Structures are given as C-alpha cells and as structure tokens.
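Notes follow once the structure below has been shown.
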C-alpha cells in the first residue's frame, strides 16, 4: 500500500506552507506529495494569501525535495493548452529527475473559471477537450526524438511539432484519471491512465467504479491489473479521543461524520478502515487529504502509528 499526502492549497496556503508539508512527508517516508489544481477557495475559507499555481509549485518542490513523488490531483483540462502543459510537466519531470505524475480531469468548478476569466464549456465539450488533451500530451511525449508530431482535432490542432522536451520517465510520466463518471471517464482511463482514483466516496461506490474501469480495459484488450487502484480520503487521526476531537474542530466537521466519510479516529481504527478498503475495493494507494497544513504532528503520527502497522 502506497500512502500519499494530498493538499488543498486554494483553501489558504502559500509556497512555504506547501514546502514544509512536502519536506515533512518526505522525511516521514510517504510515497508522494500531491496538491489540488484550483484557483478559488471553496466553502467559507478566505483563501488568503491567494491561490498558487500547481505546476509552478511542483517545479519549486522538485528542487527542494529528493525522493518523494510529486503530482496533481487533478489538473483541469480547461486551465491550460495541451502543448504547453506537456512542456511544463516534462520540464518538472526533468527538474525532479523523474518524480512527476500528471493527474488530469475535465474541470468542474465553474466559479473559479468565472473568477479568473477562464472559459468553462458545457460538460460534453469539456470531456471532448480532455480526450484530445490526453491524446496530444501522450503523443508529444511518445514521439521519437528527431521526429515530428501533428494532430488535427475538433478543439486543438498541433502542426509539425518537434515534441520537445522529453520527460525523464519513459515511455512517459504516470497519468492519473479519476472520478465517478460511469462511461467516458472509465473509457479514457483504459486508454491513457496508469492509475484510476476515486475521490471521497464510500467503499461500495469506489468498488463499483473500479469494476467499470476494469470492463473498459477489457473492451480495449488491456489488462485491468495494469492500473493502480487508488482513493482519496480526508484524515483526522489522533492518539486519543480528545486529540481526534480537537483536529475535527479545526476542520469544522463532526467526529462521527469524519469517521463515516473519511479516515478518522485512533490509529488502530484507521488501520482497520484501510484494511476494509484493501479487501473490498482492491485499493493499493491512498491519498490522505490533509487540510490543516500547520499540523505536521498528524503527518508524523500517521506515518509511525498507521503506516508503521501496515
């Protein structure tokens, strides 16, 4: 089981906050540090000091960490053109010496698009654009050195590209696709993904979605075992009930609700819950959503008392 720290910096964090968490996660032995790719805070958070760009952040972290993997969960296809995104990810992969992963999705948060002047097409078009972006990005990375790449789609056209730079990881950096869409999402994952992620769902919902992805893989003659199964879950772990309650209060949520909808409680409780995920949904990777970026003690506690028991 891989364990990854997952952050939501649009809720209020600057680069130094993320650097502290990434370095703490690396020191504690986590497999990866991931961040969301959003430009606007959600809920009642002020979002101050303001959003940070995901790929600029990962570029900086790539030079200030040495082992931990880095990525997005997930970048939105509405935010960037596919050619420049392929360049950015390949560059950060080179800067990190091959530690980058690209999570890419269709985009969903219309308010952040309005707030920063980003076009927000209808859902069908967003998925069409996502499909073309995946084709272009993988096509650019997969074009042999010295050859040229072209693509003519409904939304993007690439003409006679030298398809540079190349990422360190070959044939390409891992691509993460996820969500609960029942048709196009599994189909895109079967074609392009190294990993499929189901965020913030219950075990039965996730297991059902993994079954759809498996069926989509078989439909294109791909072995479903090639895809890593992962989930994202909020964490609220404490050494005793008082510590759990204190952390839940900081999150503005109830302990019982967190126990029902996340990984919350004592280390022993969370170990049991992870066992259920592994048994019922075949999950081999967990993204642990850490909302309080000042609480490095929880990161260390999970590493020693949860991961250490697994």
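Residue numbers (my numbering): 412 to 721. Here a beta-carbon is modelled for each residue, glycine too, at the ideal position from N, C-alpha and C. Everything numeric in this text was worked out from a predicted model, so none of it was measured.
Taking a 10 Å sphere around the C-beta of residue 634, we find fewer than 16 other C-beta atoms and assign the residue as exposed. If you ignore the 5 residues before and after residue 484, its C-beta comes within less than 7 angstroms of the C-beta of 417, 445, 447, 514, 587, 608, 643 and 698, all in its own chain and listed in chain order. Here the C-alpha atom of residue 532 lies approximately 31 angstroms from the C-alpha atom of residue 629.
With 16 or more other Cβ atoms inside 10 Å of its own Cβ, residue 476 counts as buried. Under the three-state reduction of DSSP, residue 641 is assigned to strand. By the beta-carbon neighbour count (other beta carbons within 10 angstroms, threshold 16), residue 478 is exposed. Between residue 520 and residue 449 a beta carbon distance of about 6 angstroms is seen, short of the 8 angstroms cut, so the two are scored as contacting. Rounded to whole angstroms, the gap between the alpha carbons of residue 442 and residue 434 is 12 angstroms. For the stretch 619 to 694, the continuous alpha helix (DSSP H) assignments of 4+ residues that do not extend past its boundaries occur at 652 to 662, 666 to 672 and 678 to 692, in sequence order. Contact check for residue 511 and residue 481: beta-carbon distance about 6 angstroms, within the 8 angstroms limit, so the pair qualifies.
Under the DSSP assignment, residue 563 falls in the beta strand (DSSP E) whose first and last residues are 560 to 563. Setting aside the 5 residues that flank it on each side, residue 603 is surrounded in the same chain by 545, 549, 586 and 588, each with a C-beta closer than 7 angstroms to its C-beta; the list follows chain order.
The stretch 461 to 505 contains, as complete beta strand (DSSP E) runs of 3+ residues, the segments 480 to 483 (chain order). The shortest C-alpha to C-alpha distance from residue 645 to any of 663, 601 and 702 is the one to 702. Residue pairing for residue 569: DSSP places it in a beta bridge opposite 562. A Cβ-Cβ separation of about 7 angstroms places residue 541 in contact with residue 516 under the 8 angstroms criterion. In the same chain as residue 637, and ignoring 5 residues on each side of it, no C-beta atom comes closer than 7 angstroms to its own.
Under DSSP, residue 610 shares a beta bridge with 643. When C-beta atoms of the stretch 618 to 627 are compared with those of the stretch 678 to 693, three or more pairs fall below 8 angstroms, so the two segments count as touching.
Under a 10 Å Cβ-count criterion, residue 509 is classified as exposed, with fewer than 16 other Cβ atoms of the shown protein chains found around its own Cβ. Going by DSSP, residue 443 is part of the beta strand (DSSP E) stretching over 443 to 446.
Within the same chain, 449, 450 and 451 come within 7 angstroms of residue 523 by CB-CB distance, once the 5 residues on both sides are set aside.
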